[in-house]
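According to this note's numbering, the sequence shown holds residues 1 to 447 in order.
Glycine included, each C-beta is placed from N, C-alpha and C at the ideal position.
The structure appears right after this line, and notes come after that.
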Amino acid sequence: MTTLDRRSFLKSAMIAAAGATNLHMLAAQTAPLIAPKSPNDNIHLALIGAGIQGQGDTKTALQVPGVKLVAVADCYDGRLAHAKELWGADVFTTRDYREILARPDVDAVLIATPDHWHKQAAVDAMKAGKDVYLEKPMIHLYSDGPEIIDTARSTDRILQVGSQRVSNVAYSKAKELLAAGAIGKLNTVNARWDRNSSMGAWNYTVPLDASPETCDWPRFLGTAPKIAWNPEHFFQWRKWKAYGSGVAGDLFVHLFSGTHFITGSHGPTRAMGTGSVRYWKDGRDADDVMLALFDYPEGFNLSLRVNFVNGGEESEGFLFTGDEGTMEIAGNSVIVTRVPHERDPGMTIGTFTNDMQRQLTAEHGRKYPVEHPAGSTYAAVENYSAPRGYSDSYDHFHNFFNSVRTRRQPVEDATFGFRAAGAALLSNLSIEKDAIVHWDPETMKLA
1 MTTLDRRSFL KSAMIAAAGA TNLHMLAAQT APLIAPKSPN DNIHLALIGA GIQGQGDTKT
61 ALQVPGVKLV AVADCYDGRL AHAKELWGAD VFTTRDYREI LARPDVDAVL IATPDHWHKQ
121 AAVDAMKAGK DVYLEKPMIH LYSDGPEIID TARSTDRILQ VGSQRVSNVA YSKAKELLAA
181 GAIGKLNTVN ARWDRNSSMG AWNYTVPLDA SPETCDWPRF LGTAPKIAWN PEHFFQWRKW
241 KAYGSGVAGD LFVHLFSGTH FITGSHGPTR AMGTGSVRYW KDGRDADDVM LALFDYPEGF
301 NLSLRVNFVN GGEESEGFLF TGDEGTMEIA GNSVIVTRVP HERDPGMTIG TFTNDMQRQL
361 TAEHGRKYPV EHPAGSTYAA VENYSAPRGY SDSYDHFHNF FNSVRTRRQP VEDATFGFRA
421 AGAALLSNLS IEKDAIVHWD PETMKLA
């Protein structure tokens, strides 16, 4: 049993990220120069979308030294009022995020809107000269990806996607272990994210004052189909495909970002999904149970599962299987179980004649003489755990603000984010088409 302290974990993270950092630095050499912010200056942050995720993200972001919240945009007046309760009466609030983008004192925005607003808010922000932390999934439609990537490049803004697993020190350790051959050659990855509660199934509370007067319903709808005011759609938007991306966009995308970070893969080439609304039959059109299989060009298969009626407690994790062992990620811990192949393959000779058995036994003995291993004991199981109280969300925001200051590319740029979200949404596409679907992870296009 091995427990690593924070310093050891961070060292592993730096080693694992070195290759990606070199690529980012090479790209930066050809990009227009923008003066880095002084580490002593506050980065002025604005929040766009002050729901559950947005407020939680902001609380974490403000723990990073040198960050100040100056503005909040949301379509519900109650959340704007609460923003002032949380962060002070001097915080500027508005229903229209374009008013935030027009402010010269805003350096960066945190976008935590419903998925169908991700692309437009991010593109508008970058064109207004703001750096962007964009909640996952990066896209709602496949056409969103190229536009976000192109805008980030043309404006030379920092855009980081909010799948914090790529900043997790445990995942960095898993990446290091896999590359070092701890479990041999990888052949399968099994990942899950299960829940068994009403809140876990997105049945969020609707406030008593919800109405067309307190909620900007037309602005919320944006490009979505125009329907009559519906408070459940407004406050529980993840349950409908018009605004969200289902369990694939909410949870599968985390599993993809983790898989891609650890393996170094750009994504799958073939996908097959299945799912349905099995329990939460409340009018939603987003499945509450989904399973999917993916083929990766590196020679492994990925199996994903989300179950909102799993009969137990919430459960998230990975199992990486190689030809010499397994590596499990549970929370902020990594457990490696090594089972190396035996040198002696054994024999199946009992059905042969006695004479043939003697000949084969003699030949086998010459080829595989009996060995008597010596030396130190062998650790079949090793456990690596992040420090108690560790937060990968904090590290992810710390990495983002460091990129804002230094103008170096972030740990999860738009290309990485598109490859993770594009792969995740293959599950939805397969179910919709009732067919196997194909994706080119290099060109990031549906085949």
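Contact under 9 Å by Cβ, residue i with residue j
| i | j | result |
| --- | --- | --- |
| F400 | I149 | no |
| L101 | V67 | no |
| T259 | A182 | no |
| A420 | S257 | yes |
| H82 | Q55 | yes |
| G49 | A122 | no |
| K136 | S163 | yes |
| L291 | G273 | yes |
| Y243 | A228 | no |
| P268 | P441 | yes |
| V339 | E324 | yes |
| L134 | V161 | yes |
| R270 | D295 | yes |
| S197 | E314 | yes |
Interface flag, residue i vs chain C, CB-CB below 9 Å
| i | result |
| --- | --- |
| G129 | The structure shown contains no chain C; it holds only a single protein chain. |
Distance between beta carbons of residue j and residue i, contact taken as under 8 Å
| i | j | result |
| --- | --- | --- |
| D41 | V404 | About 10 Å; that fails the 8 Å criterion. |
| S73 | D96 | Note on identity: in this sequence residue 73 is Ala, with Ser being the wrong assignment. Confirmed, Cβ separation roughly 7 Å. |
| D287 | G246 | 6 Å |
| L255 | W193 | 7 Å |
| V460 | M327 | Shown here, the chain extends from 1 to 447; a query on residue 460 therefore has no answer. |
| L159 | A424 | Not quite, the Cβ-Cβ distance comes to about 18 Å (not below 8 Å), so this is no contact. |
| A201 | I329 | That pair is no contact at about 24 Å. |
| K130 | R157 | 7 Å |
Nearest to residue i (by Cα), restricted to the options the options
| i | options | result |
| --- | --- | --- |
| P218 | R407, D209, L208 and N230 | N230 |
| G322 | V189, K226 and N203 | V189 |
| K239 | L177, F308 and E432 | F308 |
| D344 | R358, F352, G365 and N332 | G365 |
| V169 | E382, G331 and P441 | G331 |
| R284 | W237, G264, G299 and E298 | W237 |
| H372 | E342, R388, V381 and R358 | E342 |
| G58 | L86, T205 and C75 | Reading off the sequence shown, one finds Thr at residue 58, where the question assumed Gly. Out of L86, T205 and C75, L86 has the C-alpha closest to the C-alpha of T58. |
| D216 | L80, L319, V132 and T361 | L80 |
| A89 | R103, A71, Y76 and C75 | A71 |
| Y394 | L47, R165 and D124 | R165 |
| R305 | R388, R195 and I139 | R195 |
Buried or exposed (CB count within 10 angstroms, at least 16 for buried), residue i
| i | result |
| --- | --- |
| P65 | exposed |
| D434 | exposed |
| L446 | exposed |
| M356 | exposed |
| L33 | Low confidence applies to L33: its pLDDT is 43, below 50, so where it sits in the model is not reliable enough to give any reading. |
| A31 | Below a pLDDT of 50, predicted positions are generally treated as unreliable, and A31, at 38, falls in that range; the measurement from the model is reported next regardless. That one is exposed. |
| A386 | buried |
| P369 | exposed |
| M199 | exposed |
| T480 | Because the chain in this structure spans residues 1 to 447, residue 480 falls outside the shown range and cannot be described. |
| S427 | buried |
| T443 | exposed |
| P212 | exposed |
Alpha helix (DSSP H) segment containing residue i, residue limits
| i | result |
| --- | --- |
| E85 | D77 to W87 |
| H116 | That residue, H116, is in no alpha helix (DSSP H); it is neither H nor E in DSSP. |
| R338 | Taken as a continuous stretch (DSSP letters only), R338 belongs to no alpha helix (DSSP H), being part of the beta strand (DSSP E) at S333 to R338. |
| S403 | D392 to T406 |
| S172 | V169 to A179 |
| Q53 | I52 to A61 |
| R165 | R165 -> no alpha helix (DSSP H), and no H or E assigned at all. |
| V253 | V253 to T263 |
| Q160 | It is not in any alpha helix (DSSP H) - Q160 instead sits in the beta strand (DSSP E) that spans L159 to V161. |
Run of the beta strand (DSSP E) containing residue i, from where it starts to where it stops
| i | result |
| --- | --- |
| F416 | Not the beta strand (DSSP E): F416 falls in the alpha helix (DSSP H), residues A414 to K433. |
| V70 | V67 to A73 |
| A330 | G325 to A330 |
| Y133 | D131 to L134 |
| L47 | I43 to I48 |
| R98 | Premise fails: R98 lies in the alpha helix (DSSP H), Y97 to L101, not in any beta strand (DSSP E). |
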